[in-house]
Each structure stands twice: as structure tokens, then as C-alpha cells.
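There are 2 protein chains.
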Amino acid sequence: MPAPAILIVEDEPEIRRFLRASLAAEGYRVVEAAGGERGVIDAASHKPDMAIIDLGLPDLDGVEVIRRIRAWSPMPIVVLSARVQERAKIDALDAGADDYITKPFGVGELLARVRVALRHLARSAQGCAVLTLGGVRLDLTKRHASRGQDQIHLTPIEFKLLGCLARHLGLVVTHQHLLTEVWGPTHSSDTHYLRVYMRQLREKLEADPVRPKHLLTEIGVGYRLLADED
Amino acid sequence: MPAPAILIVEDEPEIRRFLRASLAAEGYRVVEAAGGERGVIDAASHKPDMAIIDLGLPDLDGVEVIRRIRAWSPMPIVVLSARVQERAKIDALDAGADDYITKPFGVGELLARVRVALRHLARSAQGCAVLTLGGVRLDLTKRHASRGQDQIHLTPIEFKLLGCLARHLGLVVTHQHLLTEVWGPTHSSDTHYLRVYMRQLREKLEADPVRPKHLLTEIGVGYRLLADED
DNA sequence: CCCTTTTTTTACGCCGTCTTAACGGCGGCG
DNA sequence: CGCCGCCGTTAAGACGGCGTAAAAAAAGGG
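So the sequence lines, in the order shown, correspond to chains Y and A. Position 36 of the first sequence, counted from 1, bears residue number 87 in the numbering used here, the numbering being contiguous throughout. Position 36 of the second sequence, counted from 1, bears residue number 87 in the numbering used here, the numbering being contiguous throughout.
Here it is in C-alpha cells:
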């Protein structure tokens, strides 16, 4: 799973840029659509992992956009809207939206609700979290790794590390981020833990542990996980 | 499926009655808990389909309630709160809540968000009742196990454990999940129970109990049940 | 009330995992 | 050239989780 792709359907350029910047800063890939018609098309063509949709669109009602996407896709949909009336919220949610945020909103809350949406996605699409590294098949949800028939045993910490890297596939994950995620904030500077475990993971996953092709070092910053291309 | 059961965790009796009435009017079954501790216990004992939790509880922080439930159950959790600060929302959502509604709220919106939560739930239900492990045939609904002609006797707790593992066939089930499901949330750290019963189950089900092929240990995490392939 | 089955409790030894420390290579920089 | 920071590599010891057995307590059934 590469970095999740999020579709933004929003007509006001200013808010669109703001959303794009906020999401991109978190490492998400972003697709933008300025109108409702465009949004439905982009949802179909780009196949994003989820969508953030403004209700107040000029060309096509937001609820209609939701219906058209829901007709063929169960992707998480978060609605943004200036309308605070209860009727609007109910209509949008019953049309198939998964969340409804009223403007003005905080970036932190938006990002938190995006994380919730992606969490739902991850659980409904079990097995979508399998990726291949060289000859190695890796299924994070099933906690299962194998090279052909032989299965590879990974310890709890090894799984946590791989999971953290896989959630930001292709992106650099800092030492501190990995350490706080796995060992807690108290060990956020014990980088030697990482050196030991990265070595072990390479031994188990890489064809040539000395010249890793998937578990890469970013000197002075952190590590990065690269999967095979299709 | 019968009418969905919803757990309400709310300390103020007035709001609690109001929620109960609103939900009951829609045909939902309702379970009430006046405090956080009580809420965690009722979540485990009544096994509701989802929970509505107030953050401002006197005895236990709402976020802590969420964490304890999330430790073993993926049930949808909707948070109600008077706190409008963004920090509170982010903390609750990241702790595992699926939605966050600020007071005062409209009944219509609450019900709409409940429908969203139940919609999510509906998409993650599965379970085949009869499965085979090696030479052993296992029927969870009939509570019946047999190896060829000889039938194998299993005790109530052994069935509960197997059922819990079978519902997540192929996936890891954590110690905590198994313990809260079978013994309740008060014994969520008595992992020695599991060791004893897994041993017994292996003795009864596995061809070679010392080298189990179906009832597998995930060290430091939990256990996993593997059925035969077709 | 007694016997059987089931559950809970306790104890112990083994083995995998984590932690910790030490050493060597590589590259940058003064 | 020598120092220093960062990383990889290895190995050994500490620690905790796990399996195993068996006895004590509780529950169930006649």
C-alpha cells in the first residue's frame, strides 16, 4: 500500500489549496477537482482511497456527487460544508457520506477524521494490505510473511516496525517517529534499537542484506520502505 | 439479524433517558451504563453492536473507556461531548472513536450518525460455522466436534475460545480480546488461563500437540486458528 | 450429600525475544 | 592525517512469555 490518495472536491481555490497543503504535509497523495461533475469523473478515473467533498458546489449538488460515487464505490467520503442545518447533515450522511464537518473547522480535527476514514478502509479491505518485496510476500493485517512456500517468522517488534514503515510506503519515516511508535516516547532517542532491528529485518526479507533494495537507510533522518512495482 | 443493540455510556440521567427514548423509538435495543467502569464491563458482557459514549464521565476518562474497549473489540464507537476544543476531538478519534458529536446536538443528526456507524458494522460480518482442522470436523453452531467416527468432547470455555478464534479465522486474536470475550474485562490480563486452555485444546484437536498446525501461538500477541485449505 | 467434571490456581523449566555492549567501516571535517 | 558522528554487525546475557503438569477449588448432576 503506497501513501493513501485523497480526492478533494472543492470549488473555492483558496480552501482547495489549503486542504491540499495540509494533506500533503501528512504524506498523503492528493487529487483535486474544482467541481462536482469533475469530482465524480476523477473519483472513477483516479480511484483514490477516499474523498473529501464540499457540499456547496456550483454545478452539481454535493449530495448528488455522493450518490453517484456510492453507486459503484464504497470509498470513505468526508463532507465539508458551511451549512449547519441538521437537515443538510442528515441528507448527506444518509446519502452515503461517512462524516460531516462544518466550516469553519480545525485542520487537526479534519486530519483526525481522515485517519478514522482510512482506518475503516483498511479494515474493510483486508488483504489489500499485502505487498511484495522482491520474492517476499508480506501481509500486515494477517501478520504473515512468506518467501514462496517457506514462511518467514517475524517477532512483534519487527512487525510493528514494518507496519509503521508500510503505512508510509515510499516515504521517509524518521528515527523519532519509529521509536515513539514502537518503544514509546521515552525511548525516542535510542536509535541503536533501530540499527539492530533493521539489520534483522534485512536478514529476513532482503535477498542481499548487505545491499538492501527495499529497506533503505536515509542517513541522519530515518528509514524508508520500498515495495515492488506492478 | 435482530434489531441492533446500542450501549449508552452517560452519567447524566436526563440525557441518558433522552438518548434511550430516541434510540428506542427507532427500534434499536438499548443498554445503559451510568459510568465509565460500568460501560467497559457492559460492553464486554452485553456485546452490543455499537456504543455511544459521553466523554465527561465522573469515574473514568472517556478516552480511557474507548481505549479499553478498543483493546479487544472493533465495535463502532460514537462520542458525545460538551468539549468543543479540537484537542479533545483529536484525542478521542485517535484513541479509536469513529465519530465525535458536540453538545448540544440534534436528535436527527445523532440518529443519522448512528446509521452510518451501523452501516460500517454491516460490512465487516462474516463466519462459516463448520470447518475442518486436519482430521477434525468442527461445528461451532451445533457445538460439536469429531475425528472421523469418534466424537470429541469440548467444555463450554473451550468452545467459547474456539468460537472466538474461528470468527477471526486465519487472523491473530490478541490475548486481551480472548480474555475479555470469554472471562470478561476483569480478567483481561490473566494470560495463564489461555496457556492452560490452549494446551488442552491442542491435546484434543491437534494430531501432534507439541507441534501444532492449526492452533498457533503468536508470541507476545495472541493466538491464531488455521483451517484446512480446499 | 457424594461423585464427576470443569475451572482455577500454583509451580517450574525452557526457549525465544529483547536489551545491551563492543567493534569495525565509512565518510565528513577541521 | 586524525578525530568524530553515523551506521552496520555481532554476540552474549537478562528477561519474560510459553508450555507443561498437577493439585486445589468450584460447579454440576444424580
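Where a beta carbon is used, it is the ideal one built from N, C-alpha and C, also for glycine. The model shown is predicted, which means the values in this text are computed figures rather than measured ones.
When the options are compared against residue i, the one with the closest alpha-carbon
i, options, result
"A/Ser-239", "A/Gly-107, A/Ile-120, A/Tyr-79", "A/Ile-120"
"A/Leu-192", "A/Glu-65, A/Glu-77, A/Pro-207", "The sequence shown places Thr at residue 192 of chain A, rather than the Leu named in the question. It is A/Pro-207 whose Cα lies nearest to the Cα of A/Thr-192."
"Y/Arg-139", "Y/Asp-105, Y/Leu-162, Y/Arg-166, Y/His-171", "The question names Arg, yet the displayed sequence has Ala at residue 139 of chain Y. Taking only the C-alpha atoms, the option nearest Y/Ala-139 is Y/Asp-105."
"Y/Arg-102", "Y/Val-82, Y/Arg-134, Y/Ala-75", "It should be noted that the sequence gives Ala, not Arg, for residue 102 of chain Y. When only C-alpha atoms are compared, the closest one is Y/Val-82."
"A/Glu-77", "A/Gly-214, A/Asp-93, A/Ala-163", "A/Ala-163"
"Y/Arg-188", "Y/Ile-152, Y/Leu-213, Y/Arg-170, Y/Val-224", "Y/Leu-213"
"A/Asp-87", "A/Ile-66, A/Pro-109, A/Arg-71", "Per the sequence shown, residue 87 of chain A should be read as Gly rather than Asp. Closest by alpha carbon: A/Pro-109."
"A/Gly-271", "A/Gly-90, A/Asp-150, A/Leu-172, A/His-243", "A/His-243"
"Y/Leu-222", "Y/Thr-231, Y/Arg-80, Y/Pro-64", "Y/Arg-80"
"A/Gly-157", "A/His-226, A/Ser-73, A/Pro-64", "A/Ser-73"
"A/Asp-241", "A/Leu-230, A/Gln-251, A/Tyr-248, A/Ile-152", "A/Leu-230"
"A/Gly-19", "A/Tyr-151, A/Arg-67, A/Cys-215, A/Asp-93", "Absent from the model: residue 19 of chain A. The displayed extent of chain A is 52 to 281, so no value can be given."
Distance CB(residue i)-CB(residue j) smaller than 8 Å
i, j, result
"A/Phe-210", "A/Arg-194", "yes"
"Y/Ile-57", "Y/Asp-100", "yes"
"A/Arg-262", "A/Glu-269", "no"
"Y/Val-130", "Y/Ala-148", "yes"
"A/Gly-235", "Y/Glu-137", "no"
"A/Ala-258", "A/Leu-220", "no"
"Y/Pro-127", "Y/Leu-169", "yes"
"A/Gly-113", "A/Ala-85", "no"
"Y/Ile-203", "Y/Lys-255", "yes"
"Y/His-265", "Y/Leu-205", "no"
"Y/Arg-253", "A/Asp-145", "no"
Simplified DSSP state of residue i, which is helix, strand or coil
i, result
"A/Gly-186", "coil"
"Y/Arg-121", "helix"
"Y/Glu-209", "helix"
"Y/Gly-214", "helix"
"A/Thr-192", "coil"
"A/Gln-251", "helix"
"A/Gln-136", "coil"
"A/Ile-141", "helix"
"Y/Leu-245", "helix"
"Y/Asp-93", "helix"
"Y/Gly-271", "coil"
"A/Val-261", "coil"
"Y/Ala-56", "strand"
"Y/Glu-61", "coil"
"A/Leu-70", "helix"
"A/Arg-174", "coil"
"A/Glu-160", "helix"
"A/Glu-88", "helix"
"A/Leu-277", "coil"
"Y/Leu-131", "strand"
"A/Glu-115", "helix"
"A/Pro-256", "Contrary to the premise, residue 256 of chain A reads as Leu rather than Pro in this sequence. Helix, per DSSP."
"Y/Leu-169", "helix"
"Y/Ala-75", "helix"
"A/Ala-146", "helix"
"Y/Asp-201", "strand"
"A/Leu-108", "coil"
"A/Met-101", "strand"
is_contact[residue i, chain A] using C-beta, thresh 8 Å
i, result
"Y/Leu-229", "no"
"Y/Ala-347", "The requested residue 347 of chain Y does not occur in the structure, where chain Y is confined to residues 52 to 281."
"Y/Gly-113", "no"
"Y/Lys-193", "yes"
"Y/Pro-207", "yes"
"Y/Gly-178", "With a pLDDT of 48 at Y/Gly-178, under the threshold of 50, the modelled position of that residue is not reliable, and the figure given next carries that caveat. No, Y/Gly-178 does not count as interfacial toward chain A."
"Y/Ala-163", "yes"
"Y/Asp-149", "yes"
"Y/Val-167", "yes"
"Y/Glu-257", "no"
"Y/Lys-211", "no"
"Y/Ser-175", "yes"
"Y/Gly-159", "yes"
"Y/Glu-137", "yes"
"Y/Ile-141", "yes"
Any C-beta of chain Y under 8 Å from that of residue i
i, result
"A/Asp-145", "yes"
"A/Arg-246", "no"
"A/Pro-155", "no"
"A/Ile-128", "no"
"A/His-171", "yes"
"A/Val-116", "no"
"A/Pro-125", "yes"
"A/Val-224", "no"
beta-carbon residue i near the ligand PLP non-hydrogen atom, thresh 7 Å
i, result
"Y/Gln-251", "Summarising the ligand content, the structure contains no ligands, and the ligand PLP is consequently not present."
Inset, instruction - Entirely within the stretch 214-239 of chain Y and at least 4 residues each: give me those alpha helix (DSSP H) ranges in chain order. - result: 226-234
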